[in-house]
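Chains as they are written, first to last, in our numbering: chain P, -8 to 220; chain Z, -8 to 220. Glycine included, every Cβ here is placed at the ideal spot set by N, Cα and C. One structure is given here, and the rest of the page talks about it.
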């Protein structure tokens, strides 16, 4: 069974009709055949379809049923993630998508080693779409070009800001806070005191994941797994 | 600050005294210098030490303080993990150590693609020791040679067996069950009906991590992060 994200016009008239990159992906990578069933997600709705024809890069399907997609958390979870080496940042996007993170804001922090910039955006979006398909999300998580911490905090104004800090006393426990949440995870070397101050001024509260030290690439994923449970 | 695991005799007489592989690791990889402070863990105790001399592969240190190591969960968490491709299985060991798993039992499941065997044991132990040092655990998690599911279940007799199954209705919620827990995670293709039956007969209860499909290499880690919180 395939799970793909499509544009509303690709479901016009009660038919699935794909060509271009999406049709090619379905026909050549996923190798769907007539009779095969799958889900085409658009605007939060899961359209169950049966493939009726595959012609080159063009795939057509019949609409069987439409139900709300179930893969989204009840409240948005944004991850403010300090830039990491490329493989680690990609791993955060992939695993974070599986545990329900709805948006990623790459942050240029003082102690960042990885300095990837806006040129990674295309790659990041491809990682997110693929992970969202594999994990049966109801929407592809958003990702923005890297910004400074101040700008990142302005973007999540109104959300409860949870700063992961191994030295904090307060555990990230249940029940999860209601409403939008933003998790802030520093680079491997941690946030600087000035960055921690900035987050505190923006209403951020420090939390610990317990006595064990988690790598930067795992901390946000573990926190989101706990919050979205 | 370093964090290493040592044998009791390497702390005899109130002095840290390392040579051989551990001394070499500290002297050449971590490059400790006289005056540097760190923790040497033995039998669940964190011995805070100050390095007094480094001579080739021989490292000596003065014992400053002994406190119980805090990095262990309150109850044992064993992961019965179906064998995965090598890189994925190593990633499970590394991340699982960070979230508090105390023992790993590699399981030969019917749908396993990765078929690594006992020849991986040395590599697995090295991954676990390194991850336990980095995450400041109080003990290095155990790992055994791969076994059949039946033998794995016999090994965890007495533990509450939580079978992760995306089709289950019951969420893996709080509060965490008291006492020893074993989490069972299948290969990418899932457990077979016969394997699910076998686990049910052994007292296993199926749980879901929610509506999102997690990759095999993340599912056990996410479950342990929730349970050890």
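CB contact flag (residue i, residue j, <8 Å)
i              : j              : result
residue 172(P) : residue 151(P) : yes
residue 177(Z) : residue 145(Z) : no
residue 211(Z) : residue 83(Z)  : yes
residue 57(Z)  : residue 81(Z)  : no
residue 197(P) : residue 139(P) : no
residue 216(Z) : residue 205(Z) : no
residue 220(P) : residue 218(Z) : no
residue 174(Z) : residue 143(Z) : no
residue 48(Z)  : residue 14(Z)  : yes
residue 50(P)  : residue 17(P)  : yes
residue 2(P)   : residue 38(P)  : yes
residue 159(Z) : residue 199(Z) : yes
residue 76(Z)  : residue 104(Z) : yes
Local conformation of residue i per DSSP, three classes
i              : result
residue 63(P)  : coil
residue 93(P)  : coil
residue 179(Z) : coil
residue 71(P)  : strand
residue 227(Z) : With chain Z covering -8 to 220 only, the question about residue 227(Z) has no answer from this structure.
residue 88(P)  : helix
residue 158(P) : coil
residue 56(P)  : strand
residue 197(P) : strand
residue 51(Z)  : strand
residue 222(P) : Within the shown structure, residues of chain P are numbered from -8 to 220, placing residue 222(P) beyond reach of any answer.
residue 172(Z) : strand
residue 36(P)  : strand
residue 128(P) : coil
residue 22(Z)  : coil
residue 206(P) : coil
residue 225(Z) : Since the displayed chain Z opens at -8 and closes at 220, residue 225(Z) lies outside it and no answer follows.
residue 102(P) : coil
residue 133(P) : strand
residue 216(Z) : helix
residue 147(P) : coil
residue 44(Z)  : strand
residue 138(P) : strand
Cβ separation of residue i and residue j, assumed to be a contact under 8 Å, to the nearest whole Å
i              : j              : result
residue 54(Z)  : residue 5(Z)   : 5 Å
residue 42(Z)  : residue 23(Z)  : 5 Å
residue 141(P) : residue 209(P) : Not quite, the Cβ-Cβ distance comes to about 26 Å (not below 8 Å), so this is no contact.
residue 40(P)  : residue 25(P)  : No, residue 40(P) and residue 25(P) are not in contact; Cβ-Cβ is about 12 Å, not under 8 Å.
residue 154(P) : residue 112(P) : That belief does not hold up - the Cβ atoms of residue 154(P) and residue 112(P) are roughly 25 Å apart, past 8 Å.
residue 122(P) : residue 85(P)  : 5 Å
Residue-chain proximity (residue i, chain C), Cβ-Cβ < 8 Å
i             : result
residue 33(P) : Note that chain C does not occur in the displayed structure, where the protein chains are P and Z.
Got a sec: which bits of the region 139 to 169 of chain P sit with their beta carbon under 8 Å from any beta carbon on chain Z, in order along the chain? Hits within the stretch, in order: 162, 163, 164, 165.
If contact means a Cβ-Cβ distance below 8 Å, which residues of the region 48 to 71 of chain P contact chain Z? For the region 48 to 71 of chain P, which is checked against every Cβ of chain Z, the residues closer than 8 Å are 61, 62.
So, do the region 125 to 140 of chain Z and the region 58 to 75 of chain Z have three or more beta carbon pairs nearer to each other than 8 Å? The region 125 to 140 of chain Z, when compared against the region 58 to 75 of chain Z, does touch it at the 8 Å Cβ threshold.
Identify each residue in the region 83 to 94 of chain P for which the Cβ-Cβ distance to at least one residue of chain Z is less than 7 Å, and report them in chain order. If you check each beta-carbon in the region 83 to 94 of chain P against every beta-carbon of chain Z, the ones closer than 7 Å belong to 86, 89, 90, 91.
Quick test of the definition: if touching needs 3 or more C-beta pairs under 8 Å, does the region 87 to 101 of chain P touch the region 25 to 37 of chain P? No contact exists between the region 87 to 101 of chain P and the region 25 to 37 of chain P.
So if I threshold CB-CB distances at 9 Å, which residues from the region 188 to 204 of chain P count as touching chain Z? Going along the region 188 to 204 of chain P in chain order, one finds 200, 201, 202, 203, 204 with a Cβ nearer than 9 Å to chain Z.
Contact between the region -4 to 4 of chain P and the region 33 to 50 of chain P: three or more CB pairs below 8 Å? A contact exists between the region -4 to 4 of chain P and the region 33 to 50 of chain P.
For the region 116 to 133 of chain P, enumerate the residues whose C-beta is nearer than 8 Å to any C-beta of chain Z, in chain order. Against chain Z - using a Cβ distance shorter than 8 Å - the residues of the region 116 to 133 of chain P are 125, 126, 127, 128.
Indicate whether the contact test is met: 3 or more Cβ pairs, each with one atom in the region 68 to 76 of chain Z and one in the region 84 to 92 of chain Z, closer than 8 Å. Contact holds: three or more Cβ-Cβ distances are below 8 Å.
Could you please tell me which residues of the region 205 to 216 of chain P, in chain order, have their CB closer than 8 Å to any CB of chain Z? Listed by position, the residues of the region 205 to 216 of chain P near chain Z (Cβ gap below 8 Å) are 205, 206, 209, 212, 213, 216.
Using a Cβ cut-off of 8 Å, which residues of the region -5 to 11 of chain P contact any Cβ in chain Z, in chain order? Contacts with chain Z (Cβ-Cβ distance below 8 Å) from the region -5 to 11 of chain P involve no residue at all.
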